[in-house]
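Below is one structure, written out as structure tokens; comments come after it.
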Amino acid sequence: MNVRDVSMSLPPEFKEQPQTILESISDAFFSLDDNLIVTYFNQAAERMLNRKRDEVLGQPLFDVFPEARASIFEEKYRYAIQHKEALIFETYFDQPPYENWYQVRVYPHSNGISVYFQVITEQVRARQALQKAQERMETILQTLSEGIVMVNHAGEVVFSNRAAREMFDHHQDQLLHSSCQDCRWSQVNNTLTPLDPADIPLSVALNQKRAVMDFEQGLMNPDGQVRWLSVTAIPLTEEHQGFEGAIASYRDITTQKEREKHIRFQADLLNKIGQAAIAVDQKGNILYANQFCEQLFGFPIESLMGIPILETLISQSSIPEIDQIRSVVRRGDVWNGEITLKRKNGANFTAYCSVTPIQDQSTIEGFLVIAFDITERKWAEETERQLRALSDALRDTASALNSTLNFREVLERILLNVGKVVPHESANIMLLDGERVEVLFHQGYLASQTGQFLEGLRFRLEEFPTLQKMYESNLPLVIPDTEKSSLWRDNSNMAWIKSYAGMPLLSRGQVIGFLNLDSAVPGFFNEEVVFRLQAFADQAALAVQNARLYEEVQSLSVTDPLTGVYNRRGLFQKCNEVIEQHRRNNLPVALVVFDLDNFKDFNDSYGHSIGDLILTSIARRMTNRLRTSDVLGRYGGDEFVLLLSGISDANIRPILERLRQSISLEPINIGSEMIFVTISMGVATNTTSGYDLTNLLRHADQALYRVKKSGRNRALLYGDLPEYSQPF
Numbered sequence: 002m003n004v005r006d007v008s009m010s011l012p013p014e015f016k017e018q019p020q021t022i023l024e025s026i027s028d029a030f031f032s033l034d035d036n037l038i039v040t041y042f043n044q045a046a047e048r049m050l051n052r053k054r055d056e057v058l059g060q061p062l063f064d065v066f067p068e069a070r071a072s073i074f075e076e077k078y079r080y081a082i083q084h085k086e087a088l089i090f091e092t093y094f095d096q097p098p099y100e101n102w103y104q105v106r107v108y109p110h111s112n113g114i115s116v117y118f119q120v121i122t123e124q125v126r127a128r129q130a131l132q133k134a135q136e137r138m139e140t141i142l143q144t145l146s147e148g149i150v151m152v153n154h155a156g157e158v159v160f161s162n163r164a165a166r167e168m169f170d171h172h173q174d175q176l177l178h179s180s181c182q183d184c185r186w187s188q189v190n191n192t193l194t195p196l197d198p199a200d201i202p203l204s205v206a207l208n209q210k211r212a213v214m215d216f217e218q219g220l221m222n223p224d225g226q227v228r229w230l231s232v233t234a235i236p237l238t239e240e241h242q243g244f245e246g247a248i249a250s251y252r253d254i255t256t257q258k259e260r261e262k263h264i265r266f267q268a269d270l271l272n273k274i275g276q277a278a279i280a281v282d283q284k285g286n287i288l289y290a291n292q293f294c295e296q297l298f299g300f301p302i303e304s305l306m307g308i309p310i311l312e313t314l315i316s317q318s319s320i321p322e323i324d325q326i327r328s329v330v331r332r333g334d335v336w337n338g339e340i341t342l343k344r345k346n347g348a349n350f351t352a353y354c355s356v357t358p359i360q361d362q363s364t365i366e367g368f369l370v371i372a373f374d375i376t377e378r379k380w381a382e383e384t385e386r387q388l389r390a391l392s393d394a395l396r397d398t399a400s401a402l403n404s405t406l407n408f409r410e411v412l413e414r415i416l417l418n419v420g421k422v423v424p425h426e427s428a429n430i431m432l433l434d435g436e437r438v439e440v441l442f443h444q445g446y447l448a449s450q451t452g453q454f455l456e457g458l459r460f461r462l463e464e465f466p467t468l469q470k471m472y473e474s475n476l477p478l479v480i481p482d483t484e485k486s487s488l489w490r491d492n493s494n495m496a497w498i499k500s501y502a503g504m505p506l507l508s509r510g511q512v513i514g515f516l517n518l519d520s521a522v523p524g525f526f527n528e529e530v531v532f533r534l535q536a537f538a539d540q541a542a543l544a545v546q547n548a549r550l551y552e553e554v555q556s557l558s559v560t561d562p563l564t565g566v567y568n569r570r571g572l573f574q575k576c577n578e579v580i581e582q583h584r585r586n587n588l589p590v591a592l593v594v595f596d597l598d599n600f601k602d603f604n605d606s607y608g609h610s611i612g613d614l615i616l617t618s619i620a621r622r623m624t625n626r627l628r629t630s631d632v633l634g635r636y637g638g639d640e641f642v643l644l645l646s647g648i649s650d651a652n653i654r655p656i657l658e659r660l661r662q663s664i665s666l667e668p669i670n671i672g673s674e675m676i677f678v679t680i681s682m683g684v685a686t687n688t689t690s691g692y693d694l695t696n697l698l699r700h701a702d703q704a705l706y707r708v709k710k711s712g713r714n715r716a717l718l719y720g721d722l723p724e725y726s727q728p729f
């Protein structure tokens, strides 16, 4: 089939393009007439559908591919022919050997239809992985103890988790799409006065575009009962989040408020009785201890009498606070606060203490100390703080994943957020490339020591037993004390590391890298960090997968699959960028169009595979002799385009001659023999053609045509043609 025959069966936008484009594209393309008989079948279609075009051309499509008969393909093709309507659809074909997701584009024309097949399995899998990650994030939000409510730009609720619905006493369908100002209970401030709708935190974040942090408000039911909430509301903008509105978190502090009220009530009573009560003289010697002291400290009451409280019951870590406490109570004021005390067995614990001066008229005779153990409360508060920090960090990292394609920025955000929930001194992320490991990102290391050692480090996996073990087991590894572990490899650059925690990064069950944390304190890490690290390792793995997929898609879209240089699309895009930069800076630029002399004879004599080898060799030689600022691309068939930066008309001829000789004087090894090839070159510069890619291509092509007519194997400038009259 010649070029004219092909173009008659193509959609309009392709009719004036060379057939070589259809043969060089990576997408499968074929044409059918109105009876579904194959009229054209490109090389990519041969590879994808595993049929030679000689077996297919002139045949009814579904006679050649009976497994696709009565499928969605036949239905869509007949619909496009009948209605003259272009179709684009995605489908999964499960018949071997074509098991894949495809995007299919069908274009009708006067003689039938043209069909593109593009394999999109990896894109579909990436979308599915992203959806699962979003579902996991929503599951995390639903399990939070804090209520989460999100509203759109109109103030309508578009998301609420279980905790929020319970706080507001609403079913999901009642809360969803309601206004952020609507509530079954009255919203009040600390004085139980109804809140102005404009002062509700979500309204402030939405309408005033500012964050509201830890705002206390109450929900009062018709019976006068109040549920107290701590509210944080943040505006969401289209620019940063891809969504305009606001989000608020609600933490129920009713119990905390009641406890504070109760403590204030008890503080007055515990001046005399209550918890452990100890009276001391001006020198700090114990004069009296009630029965609760024995329970709290473990000392028999009698053994405490007359001894210094400072040496017996107060931990060494709290000694620096004693001077401050003394200065408060000697003024006649009461000191309240947390302090570390110690029991008879030497164990420290946190206590809430009230120290009140004991006065006789205006003279301070001594002090009354009331103390009660708050260790469990502190543990609960710390646990809640850690879980909240984990939730915030995960949300922040997920936001980075969804808002940027900058791989390094996402990894930096991940390590930053890991530090908020798992303290450490340094951390790094490594990626696995075959049997080698590369340090991709690190922070916290001294540049002159470990940081310099790690920068750009690549090594074999088996060189580090810790990584080898995680790779083989797919499980995290915690080494509390590196000096006691046989897995830890001695290295002078890492001798300071005394405790280690590592997580493998998994993608589809395969290890693709590692997240590593270090500490200089022995015993710093334990198995409890694994739970908190796991979510960040999953996010890091997803970031790696997204980045690799994005780079692969970007590369495939602009790269010629045979030669590895720019394809036509990438060539035009890059050339336009470079030409515009040179135009702005008034720098010279030259465009060369060259092809192989008598290339058809090589194909006819040696076959297309040798022809491909020749093209690949030419592209490689050119690339090796060009500067990084030059641009090389395959225009189509055996024709290439070369853009030379900063080369004036006066200096270009010797450069062209060196490039021509690099091809013509060095034979190409085709296996059975060494063959010589030559190239012809047509050149246009901004002096003759301006800073316009279309003009440069057209004029360079005219010069190339003249070279072909006059003997080949040389370079000719457009400015040297007789028809050229004056500078552009």
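Going from the sequence shown to this note's numbering is simple: count from 1 and add 1.
Cβ atoms here follow ideal geometry from the backbone N, Cα and C, with glycine treated the same way.
Predicted model only: the values in this text are computed from it and were never measured.
Practice item. Please list the segments of the alpha helix (DSSP H) lying wholly inside the stretch 638-707, counting only runs of 4 or more residues, in order along the chain. Key: 650-665 and 687-690
Check your understanding: Just the Cα atoms here: how many angstroms apart are Met431 and Ile615?
Key -> 39 Å
**Study point:** Selection from Gln218, Trp186 and Asn191 that minimises the alpha carbon distance to Ile201
**Key:** Gln218
Check your understanding: Is Ala249 buried or exposed, if buried means 16 or more other CB atoms sit within 10 Å of its CB?
Key -> buried
Check your understanding: Relative to the alpha-carbon of Arg331, which residue among Cys354, Glu312, Ser319 and Gln360 has its alpha-carbon at the smallest distance?
Key -> Gln360
**Study point:** Cut-off 8 Å between Cβ atoms - residues of its own chain near Pro321, not counting five sequence neighbours on either side
**Key:** none
Practice item. Measuring alpha carbon to alpha carbon, tell me which of Leu412, Leu468 and His425 ends up nearest Ile437. Key: Sequence check: residue 437 is Arg here, not Ile. If we check each option's Cα against that of Arg437, Leu468 comes out closest.
**Study point:** Span separating the alpha-carbon of Gln546 from that of Ser508
**Key:** 8 Å
Point to revise | Alpha-carbon spacing of Leu417 relative to Ser355, whole angstroms | key: 39 Å
Point to revise | DSSP-derived helix/strand/coil call for Asn625 | key: helix
**Study point:** DSSP three-state assignment for Tyr719, whether helix, strand or coil
**Key:** helix
Check your understanding: Quick one: what's Pro61 bridged to in DSSP?
Key -> Ile38
**Study point:** Three-state class that DSSP yields for Leu476 in the structure shown
**Key:** Coil.
Check your understanding: Do three or more CB pairs link the stretch 607-624 to the stretch 687-701 at distances below 8 Å?
Key -> no
Point to revise | Residue from Ser111, Tyr80 and Leu297 with nearest C-alpha to Ala372 | key: Leu297
**Study point:** Assigned exposure category for Gly113 - 16 Cβ within 10 Å defines buried
**Key:** It counts as buried.
Check your understanding: At which residues does the alpha helix (DSSP H) containing His84 begin and terminate?
Key -> Ile73 to His84
Check your understanding: When the Cα atoms are used, what is the spatial distance from Tyr472 to Tyr93?
Key -> 33 Å
Review point. Do Gly246 and Asn153 have their C-beta atoms closer together than 8 Å?
Key: Cβ atoms of Gly246 and Asn153: closer than 8 Å.
Check your understanding: Do you know offhand how far Gln209's Cα is from Glu410's?
Key -> For Gln209 and Glu410, the distance between alpha carbons rounds to 29 Å.
Practice item. Please list, in chain order, all residues of the same chain as Gly338 whose beta carbon is under 7 Å from its beta carbon, the five residues on each side excluded. Key: If we look at Gly338 and ignore the five residues flanking it on each side, its Cβ neighbours are Cys354.
Review point. Going by beta carbon distance, what residues of the same chain come within less than 8 Å of Ala428, once the five residues before and after it are set aside?
Key: Leu416, Val419, Gly420, His443, Gln444, Gly445, Leu516, Asn517, Leu518 and Asp519
Check your understanding: Nearest to Trp102 by alpha carbon, out of Ala348, Gln582 and Phe90?
Key -> Phe90
Check your understanding: What are the boundary residues of the beta strand (DSSP E) that includes Asp519?
Key -> Gln511 to Ser520
Check your understanding: CB-CB under 7 Å to Ile264, same chain, minus the five flanking residues each way: which ones, in chain order?
Key -> With a pLDDT of only 46 at Ile264, under 50, the local geometry of the prediction cannot be trusted, and the value read off the model is given with reservation. Correct list: empty, nothing qualifies.
Check your understanding: On the premise that Tyr78 lies in contact with Leu37, defined as a C-beta separation below 8 Å, what is that separation, rounded to the nearest angstrom?
Key -> Right, their Cβ atoms sit about 6 Å apart.
Exercise for review: Kindly list the residues whose CB is nearer than 6 Å to the CB of Met214, restricted to its own chain and excluding five residues on each side of it in sequence; keep chain order.
Suggested key: Thr233
Exercise for review: Return helix, strand or coil for Ile264, following the three-state DSSP convention.
Suggested key: Only weak support is given to the placement of Ile264: the predicted model assigns it a pLDDT of 46, under 50, and the value that follows is read from those uncertain coordinates. Helix.
Exercise for review: Could you pull the start and end residues of the alpha helix (DSSP H) that Val579 belongs to?
Suggested key: Run containing Val579: Arg569 to Asn586, per the alpha helix (DSSP H) assignment.
Check your understanding: What does a CB cutoff of less than 7 Å around Asp269 pick up in its chain, not counting 5 residues either side in sequence?
Key -> Annotation note: pLDDT 49 at Asp269 (below 50); position unreliable, no value reported.
Review point. Per DSSP, what kind of secondary structure is Asp95 in: helix, strand or coil?
Key: coil
Review point. Roughly how many angstroms lie between the CA atoms of Gln226 and Ala165, to the nearest whole one?
Key: Distance between Gln226 and Ala165, taken at the CA atoms: about 18 Å.
Point to revise | Among Arg344, Arg52 and Asp334, nearest to Pro358 - alpha-carbon criterion | key: Asp334
**Study point:** Val120: first and last residue of the uninterrupted beta strand (DSSP E) it sits in
**Key:** Gly113 to Val120
Practice item. Over the uninterrupted alpha helix (DSSP H) stretch that includes Phe298, give me the two end residues. Key: Taken as a continuous stretch (DSSP letters only), the alpha helix (DSSP H) holding Phe298 covers Gln292 to Phe298.
Review point. Could you give the distance in angstroms between the alpha-carbon of Ala651 and the alpha-carbon of Arg713?
Key: 23 Å
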